[in-house]
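A short worksheet on the structure shown next.
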Amino acid sequence: MKVKRVAVVTEAGNGLGKTFAKILVHHNYNVILAASKKSYDTLSLDAITLQDFKLVKVDFTSSESVSELKSLITSTYGRLDLLINNAEIANGFGQKISQLNLEEVKELYEINLFAVIRIIQSLKPVLEKSDDPSIINITSSLGDITKMTDDNFCYSNYCMTAYATSKAALNMFTHLQCKEFKPSKIKISGFDPISLKNCTHNSVVICDGIKDEFVKLISKDPL
């Protein structure tokens, strides 16, 4: 008998969390969808979400709230096999330097970068209880300096200073964590769900080619 793997997907409003969660359920995962604020309220009204996933309200800016998530995972499953850091916010589209609101920039970094660090720090012990644990940080091509300096790249003209720089910082953090975790059994990687043209967060659609790459990251041998 196959034992279902356990996954946590974080969601703060981009809508992709539910998309990832559906794919995971299809591939034999028990899924905790950890959502915050309006995202949680929206998902709470979806009967399919409540039926297929365990929906949990989490404040990603609070160490106490994240610790409660850790306790829930430990008491319910005893381990965590996969953490998908998908929670993010975006603001300041098209804003020039004189238009940037530093408080909004700080709010964005709190979710897009600091929350990722916070949740990995908290959930690392339950990931270590898995035989084959993985972390996937959801990034964006807008944080890829090589792509953003290529005039042929479809998003190269997007001006989202706070969002793009937070994703660039997340990319470096992921790289450094990959080096740190290399001697351990935890595998960490970044994944960009909109790296092809017309694959947008707004439509909450992952192109087939990109979906295949995601499935490769989550596919594991039966427990």
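Each residue of the sequence shown is one higher than the one before, starting from -3 at the first, in my numbering. We put the beta carbon where it would ideally sit given N, CA and C, even for glycine.
Residue range of the beta strand (DSSP E) that includes Asn81: Run containing Asn81: 78 to 81, per the beta strand (DSSP E) assignment.
Between the CA atoms of Thr72 and Asp48 - distance to the nearest angstrom: If I take the Cα positions, the gap works out to 16 Å.
Take every Cβ of the stretch 77 to 95, pair it with every Cβ of the stretch 2 to 12, and state whether three or more of those distances are shorter than 8 Å. They touch, by the three-pair rule.
DSSP-derived helix/strand/coil call for Thr70: Correct three-state label for Thr70: helix.
Within 10 angstroms of its Cβ, does Asp140 collect 16 or more other Cβ (buried), or is it exposed? When all chains shown are included, Asp140 counts as buried.
When the distance is taken between beta carbons, is Val21 closer than 9 Å to Ser126? Result no, Cβ atoms of Ser126 and Val21 do not sit closer than 9 Å.
According to the neighbour-count rule (16 or more other Cβ atoms, all chains shown, within 10 Å of its Cβ), is Ile93 buried or exposed? Flag for Ile93 reads exposed.
Compare the C-alpha of Asn26 against each of Ser32, Lys34, Phe56, Asp77 and name the closest. Nearest of Ser32, Lys34, Phe56, Asp77 to Asn26, Cα basis: Asp77.
Ser130 versus Asp37, Ala30, Gly186, residue with shortest Cα-Cα distance: Of the candidates Asp37, Ala30, Gly186, Gly186 places its Cα closest to the Cα of Ser130.
Whose C-alpha, out of Ser61, Ile28, Lys33, Leu213, is nearest the C-alpha of Lys50? Of Ser61, Ile28, Lys33, Leu213, the residue nearest in Cα terms is Ile28.
Just checking: is the beta-carbon of Leu65 within a distance shorter than 9 Å of some beta-carbon in chain D? In the structure shown, chain D does not exist; there is a single protein chain.
Could you give the DSSP three-state label for Asn153: helix, strand or coil? Coil, per DSSP.
CB Ile115 to CB Phe169, shorter than 9 Å? The answer is no: Cβ separation not under 9 Å.
If I follow the unbroken alpha helix (DSSP H) through Ile182, where does it start and stop? For Ile182, there is no enclosing alpha helix (DSSP H), since its DSSP letter is neither H nor E.
Which of the three DSSP states, helix, strand or coil, is assigned to Arg114? Helix at Arg114.
Proximity winner among Asp37, Phe89, Ala30, relative to Glu64 (alpha-carbon distances): The shortest C-alpha to C-alpha distance from Glu64 to any of Asp37, Phe89, Ala30 is the one to Ala30.
Roughly how many angstroms separate the alpha carbons of Ser58 and Ala43, rounded to a whole number? If you draw a straight line from the Cα of Ser58 to the Cα of Ala43, it comes to about 28 Å.
So the beta strand (DSSP E) Val7 belongs to, where does it begin and stop? What sits at residue 7 in the sequence shown is Glu, not Val. Where Glu7 is concerned, the enclosing beta strand (DSSP E) stretches over 1 to 7.
Runs of alpha helix (DSSP H) wholly within the stretch 10 to 95 (minimum 4 residues, chain order): Within the stretch 10 to 95, the complete alpha helix (DSSP H) runs of at least 4 residues are 12 to 22, 33 to 40, 43 to 48, 59 to 72.
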